[in-house]
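Protein chains in written order, with my numbering: chain F, 1 to 410; chain B, 1 to 92. Let me begin by presenting the structure, written as structure tokens, before commenting on it.
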């Protein structure tokens, strides 16, 4: 018997995982943005709160923005209690998400190393490990030799320009397949009645007597009892149509992948100081992220010198990458806050809810923020885990400064 | 990479410059008199338009002077540059 060709025994792919409908004239809840956060919010609105008359509006195609452009790193090793709360909630949801959505996500808990290259890095790292443990987040401090055991291809020689002096390690951290996450949430939400409307850009928020009444879109006006913004880099533009200013700056953030390689990189390595973060996708590409481009921009591409610096950093840490070819580079537009923490909660407009400012690290939070934001929308009050991330913290001064743990240069 | 026309040195690559964010944000005349809300606006809130943006650049690897530019954040096209102290030109 001749061998079966690869893939011959796979089930037929369904024509559609979700229905892409025409917009109705009104919904109970309209979600702006069908990225990971918008899809997860829609799913938990339906699943946890029984709100199913929901449309997710997307100006491009489903999960074609930052959900298609991130480096898929999942972790919860942030410094402050407020962050540990929401990111660890997300990580716990990730750990059951494939069963929950009945969909493969290639969720792989291969751990994350955050390397230290200076005495200050070491002090900050050890402090963060202790803070994580107090919050029930798994964390270890590794010396250079232990770093090498976890990831044998890391260069730990003391002779390099920025020697590895140790690192934090979160074993439960890892990566997932970003597209599958979006499709899994979309399929599950669609099964509960949520509608997705693509090629439908929100051009204005309709506000009457301080209350949201709907949205204007490129496909006509849609009435809505509540509107939930999940528009990432374009949140400032959408919110401005309701007269709401936000402490956000939109920047390009770049990433790249190499050609497919044999498995060489067993974990995720991030380095603040030399500035690169690297993992190896299941398929074999090395996936690397850079820091943001300094100048504000809504263009989904960045400057080449940022990529050049990122590659220099990668080669310093991983000399064996010297012969790997870059397959492609790309950029997404991220909305950055002054304290590198997100803004989730109510707005001055009744019935309008805000989820933005995730900057360079929103993917990991997808299930957690979907859960908490759905609660916020359903109950018209912040979920306890989202409450510290209110817009008014910039007035009260209760900032949640995560520039250190964000691990991406802003 | 942007090609930025320094008003002192002419067009140079972006890598020679340092970014300074929104231009024309004046330090409050009497900071102690501001409410918390006003202080927050001064400290944390900056314009974030998808379109023409007046911003500061420093030619840090060149003449080391700060100057202002009008750049469209949707296209990255630079409409003009002007020296510190000069009024913001009308975008073409």
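Here a beta-carbon is modelled for each residue, glycine too, at the ideal position from N, C-alpha and C.
*Using the beta-carbon of each residue, which ones in chain B are nearer than 7 Å to residue 245/F?*
45
*Can you tell me which of the three DSSP states residue 282/F falls into?*
coil
*Could you please give the first and the last residue of the uninterrupted alpha helix (DSSP H) stretch that includes residue 235/F?*
Start and end: 235 to 240.
*asked:* So, does the stretch 387 to 404 of chain F touch the stretch 6 to 22 of chain B, judging by three or more C-beta pairs under 8 Å?
replied: No, they do not touch.
*On the three-pair Cβ rule with 8 Å, is the stretch 229 to 249 of chain F touching the stretch 196 to 210 of chain F?*
yes
*Under the DSSP definition of a beta bridge, which residues are partnered with residue 74/F?*
Its beta-bridge partners are 174/F.
_Endpoints, the alpha helix (DSSP H) within which residue 372/F is located_ = 366 to 379
*Where residue 225/F falls: helix, strand or coil (DSSP)*: strand
*Can you list, in chain order, the stretches of the alpha helix (DSSP H) that have 4 or more residues and sit fully within the stretch 96 to 155 of chain F?*
119 to 134, 144 to 150, all fully within the stretch 96 to 155 of chain F.
*Pull up the distance between the alpha-carbon of residue 56/F and that of residue 194/F, whole angstroms please.*
8 Å
*Beta-carbon of residue 36/B versus every beta-carbon of chain F: anything under 9 Å?*
Residue 36/B belongs to the set of residues whose beta carbon lies under 9 Å from a beta carbon in chain F.
*9 Å Cβ cutoff, residue 64/B in contact with chain F*: no
*What's the call for residue 104/F, buried or exposed, on a 16-neighbour Cβ count within 10 Å?*
Residue 104/F counts as exposed, since fewer than 16 other beta carbons sit within 10 angstroms of its beta carbon.
*Could you tell me which uninterrupted alpha helix (DSSP H) segments, each at least 4 residues in length, are contained entirely in the stretch 4 to 63 of chain F, listed from first to last along the chain?*
36 to 49
*What residue does the alpha helix (DSSP H) around residue 311/F start on, and which one ends it?*
304 to 317
*Is there at least one Cβ from chain B nearer than 9 Å to residue 282/F's Cβ?*
no
*Check the C-beta distance from residue 356/F over to residue 224/F and give it rounded, since I have them as a contact under 8 Å.*
The pair is not a contact, with the Cβ atoms about 18 Å apart (cut-off 8 Å).
*asked:* So, for residue 287/F: in the same chain, excluding its five sequence neighbours on each side, which residues have a beta-carbon less than 6 Å away from its beta-carbon?
replied: 71, 257, 279, 281
*Residues in its own chain within less than 6 Å of residue 320/F by CB, not counting five upstream and five downstream?*
153
_Under 9 Å between C-beta atoms of residue 399/F and residue 393/F_ = yes
*Which first and last residues belong to the beta strand (DSSP E) in which residue 44/B is found?*
Here residue 44/B belongs to no beta strand (DSSP E); instead the alpha helix (DSSP H) covers 36 to 44.
*So, using beta-carbon positions, are residue 333/F and residue 251/F closer together than 9 Å?*
The Cβ atoms of residue 333/F and residue 251/F sit closer than 9 Å to each other.
_Cutoff 7 Å; reference residue 144/F; Cβ partners in own chain excluding five residues on either side_ = Only 156, 164, 165, 166 meet the Cβ criterion.
*Looking at residue 75/F and residue 97/F, is the spacing between their C-beta atoms short of 9 Å?*
At least 9 Å separates the beta-carbon of residue 97/F from that of residue 75/F.
*Comparing the C-beta of residue 12/B with each C-beta of chain F, is any distance below 9 Å?*
no
*Between the CA atoms of residue 14/F and residue 339/F - distance to the nearest angstrom*: 44 Å
*Return yes when the Cβ of residue 337/F is within less than 9 Å of the Cβ of residue 359/F, no when it is not.*
Between residue 359/F and residue 337/F, the C-beta spacing is below 9 Å.
*asked:* Please list the terminal residues of the continuous beta strand (DSSP E) segment that includes residue 403/F.
replied: Premise fails: residue 403/F lies in the alpha helix (DSSP H), 403 to 406, not in any beta strand (DSSP E).
*Which residues in the same chain as residue 18/F place their Cβ atom closer than 7 Å to its Cβ, once the five residues preceding and following it in sequence are excluded?*
186, 187, 190, 196
_Min CB distance residue 125/B to chain F below 9 Å_ = Here chain B comprises residues numbered 1 to 92, so residue 125/B is not present and cannot be evaluated.
*Taking contact to mean at least 3 C-beta pairs separated by less than 8 Å, is the stretch 82 to 89 of chain B in contact with the stretch 323 to 332 of chain F?*
In short, these stretches do not touch, since the Cβ pair count stays below three.
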